[in-house]
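So the sequences go chain by chain: A and B.
Take 595 as the starting number for the first sequence in my numbering and just add one per residue.
Take 96 as the starting number for the second sequence in my numbering and just add one per residue.
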Amino acid sequence: MDGNNREKLYAFITASSFVCDDLRLFLDTHPTDRAALEYWDRASQARNEAVMEYTKCYGPINSYHVENDCKWAWVEEPWPWEGRC
Amino acid sequence: MWSYDRILQHPVNIDQCNPKLAQVIMSQYGGPDGEIGASLRYLSQRFAMPNRKVAGVLTDIGTEELAHMEIVGAIVHQLTSDLTPEQIVEGGFQNYYVDHTLGVWPMAAGGVPYTSISFASKGDPITDLVEDMAAEQKARTTYDNILRLIHDHDVCDPIKFLRAREIVHFQRFGEALRLIQDELDARNFYAFNPAFPADFTK
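As structure tokens, then:
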């Protein structure tokens, strides 16, 4: 896994999370829209798989997913507001 | 980025409405030492916090304060549910009611609207963390004041929970301050702002 893959995966999580954010709003007011429901299933699954892969390779996105190897990893990695190092 | 979970951090189930209590407890929603101010204080301070662990503490406590804002809002909402016009007048709730009906709006018990003047984000880790420790104590004092005025178990229970969290946060901010001090010259922790200019400590 190189830095390039990490950036790509992170960008995919950012994009797919936003797809879910936007779909969530649409579904709140259109709860029986079949196309949107199917889109949600696909987008949220792809997003969650990417989050799990990122967590395994590079560190936690969400504190509930922290995989501890004798040390709490939540506060080790850069915070998203730090910008590109 | 945040996402919402459909749980209160501590349950709130109040059967008896009481607009007088609601006006007092409302201060911990949008008052000077309330939960909204607490959350904005910590979530604003973290951008300039040079230590990653301490930035994590600010993020996690700032996030928990959002959950506390929700608990206080739930208490105020349940204390003012289904009020009759007679109960509004008897409870002295008419001045609030005329502007907000039974909506929850951030203000102090004295009617002063929520203002960010009540907190600092100074860009100096020692200044900010000492402010944070004081803030937790101020909120704990306010919860103590509230607890002297209320006796209903259903209301006291979540208020006591929130009070206990102020003490835990005070402890964690004290530890965060020690993490910052560990990176400084022990003979003079307070000589300068360790965050500005950024290379001054090196």
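Idealized CB from N, CA, C, for every residue including glycine.
Here the structure is a predicted model, which is why all the values come from computation and not from measurement.
- Unbroken alpha helix (DSSP H) runs of no fewer than 4 residues, entirely contained in the stretch 207 to 250 of chain B, are found at 220 to 244, following chain order.
- According to DSSP, residue pairing for methionine 96(B) in a beta bridge does not occur.
- Judged by their CB atoms, proline 289(B) and isoleucine 245(B) are not nearer to each other than the 8 Å cut-off.
- Within the DSSP secondary-structure output, methionine 202(B) pairs in a beta bridge with Pro208(B).
- By the rule that beta-carbons nearer than 8 Å mark a contact, glycine 151(B) touches chain A.
- Between tyrosine 652(A) and aspartate 247(B), the alpha-carbon positions lie close to 49 Å from each other.
- Contact residues of the stretch 661 to 677 of chain A toward chain B are Trp668, Val669, Glu670, Glu671, Pro672, Trp673, Pro674, Trp675, Glu676 (C-beta to C-beta distance below 9 Å).
- Nothing from the stretch 210 to 240 of chain B brings a Cβ to less than 9 Å from some Cβ of chain A.
- Asparagine 240(B) is classed as exposed because its beta carbon has fewer than 16 other beta carbons within 10 Å across all chains shown.
- Spanning the alpha carbons of arginine 260(B) and aspartate 627(A) requires a straight line of approximately 43 Å.
- When secondary structure is reduced to three states using DSSP, lysine 665(A) falls in the coil class, being assigned neither helix nor strand.
- In this structure, DSSP gives glycine 129(B) a state outside helix and strand, which the three-state scheme calls coil.
- Taking all protein chains shown into account, glutamine 639(A) has fewer than 16 neighbouring C-beta atoms within 10 Å of its C-beta and is therefore exposed.
- When DSSP states are grouped into helix, strand and coil, tyrosine 285(B) belongs to the coil group.
- Residues of chain B whose Cβ lies closer than 8 Å to the Cβ of serine 611(A) are, in chain order, Met96.
- In its chain, beyond the 5 residues on either side, Ile607, Ser610, Ser611, Cys614 have a beta carbon closer than 7 Å to the beta carbon of arginine 641(A).
- Distance from the CA of leucine 197(B) to the CA of proline 145(B), rounded to the nearest whole angstrom, comes to 43 Å.
- Contiguous alpha helix (DSSP H) elements confined to the stretch 110 to 171 of chain B occur at 114 to 120, 122 to 125, 130 to 140, taking only those with 4 or more residues.
- For valine 184(B), the three-state secondary structure derived from DSSP is helix.
- Per DSSP, glycine 597(A) is one residue of the alpha helix (DSSP H) stretching across 597 to 623.
- Using beta-carbon distances, arginine 260(B) does not count as an interface residue toward chain A, since no partner is under 8 Å.
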